[in-house]
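Reading the sequence shown from the start, the letters are residues 18 to 161 in my numbering.
Ideal placement from N, C-alpha and C gives every residue a C-beta, glycine not left out.
This one's a predicted model, so the numbers in the text were calculated from it and none came from an experiment.
First the structure, in the form of structure tokens, and then the observations on it.
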Amino acid sequence: MRNPIVFQGFGSLLISERTSMTKITVSVAAFFLVLLPMTVPALAEGDAALGQKAFQRCSACHSTTEQQKAGPGLRGIIGRAAGSVDGVRYSAAMKESGLVWDEATLDRFLAAPRDVVPKTTMTVSVPKPEDRQNIIAYLKSLSQ
18 MRNPIVFQGF GSLLISERTS MTKITVSVAA FFLVLLPMTV PALAEGDAAL
68 GQKAFQRCSA CHSTTEQQKA GPGLRGIIGR AAGSVDGVRY SAAMKESGLV
118 WDEATLDRFL AAPRDVVPKT TMTVSVPKPE DRQNIIAYLK SLSQ
């Protein structure tokens with residue numbers, strides 16, 4: 018081996034002239050791609066005040082208390098098992114979904130309810146990510 022390059026860090030790595038720069042570039046890129054999800058929060062923090070305003074369109078079917086309307090009251094939804102509120106007429110799909118509502122699950126469900134729970138009775142979606150995050154922040158604030 019002529020003119021080896023030695024990298025210090027996670028131990029020593031000896032690279033010969035025959036090792037292509039492409040392999041090195043791909044390895045470094047893969048390393049940073051693995052780290053990227055750890056540096057970006059899974060969900061952006063929403064604004065509860067804006068969420069209260071955005072929730073108005075949800076209020077035709079949902080309350081922000083435990084009162085039932087066409088759908089369940091949403092106070093305390095974070096951490097609740099889907100389809101578990103007594104007295105609400107849930108679809109069989111919702112009752113059997115096994116979901117527990119957290120921020121990520123709510124975000125996916127609000128974006129496309131029937132993609133998350135096929136045959137759910139909820140048909141209204143919230144297409145804008147910022148609206149979903151604001152609504153979720155508002156719902157979280159109701160439990161505090």
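Suppose the cutoff is 6 Å on Cβ atoms and the five residues either side in sequence are ignored; what does the same chain contact list for residue i look like?
i    : result
P89  : V102 and V105
T56  : Per-residue confidence for T56 stands at a pLDDT of 41, beneath the threshold of 50, marking its modelled position as unreliable; the derived number appears in the next sentence. Within the same chain, T56 has no close Cβ partners at all.
L156 : L91 and I94
L127 : V143 and R149
I152 : G68, A71 and F72
On the three-state DSSP scale, how would you describe residue i?
i    : result
A66  : helix
A109 : helix
A98  : strand
V134 : coil
Tell me which residues share the same chain as residue i and place their Cβ nearer than 8 Å to its Cβ, disregarding the 5 neighbours each side in the sequence.
i    : result
A109 : K136
P130 : T137, M139, T140, V141 and S142
Compare the Cα-Cα distances from residue i to each of the options and report the closest residue.
i    : options                   : result
D119 : C75, H79, D64 and L91     : L91
E62  : S160, Q161, A154 and K145 : A154
A98  : G68, E113 and Q84         : E113
Y107 : Q150, M139, Q73 and K145  : M139
Suppose the cutoff is 7 Å on Cβ atoms and the five residues either side in sequence are ignored; what does the same chain contact list for residue i look like?
i    : result
S160 : R92, G93 and I95
A87  : C78
D148 : A71
What number of angstroms, rounded off, separates the C-alpha of residue i from the C-alpha of residue j?
i    : j    : result
S142 : V133 : 11 Å
L116 : Q69  : 24 Å
R74  : T82  : 16 Å
S158 : L123 : 15 Å
S76  : A66  : 15 Å
K145 : Q85  : 26 Å
R125 : S80  : 20 Å
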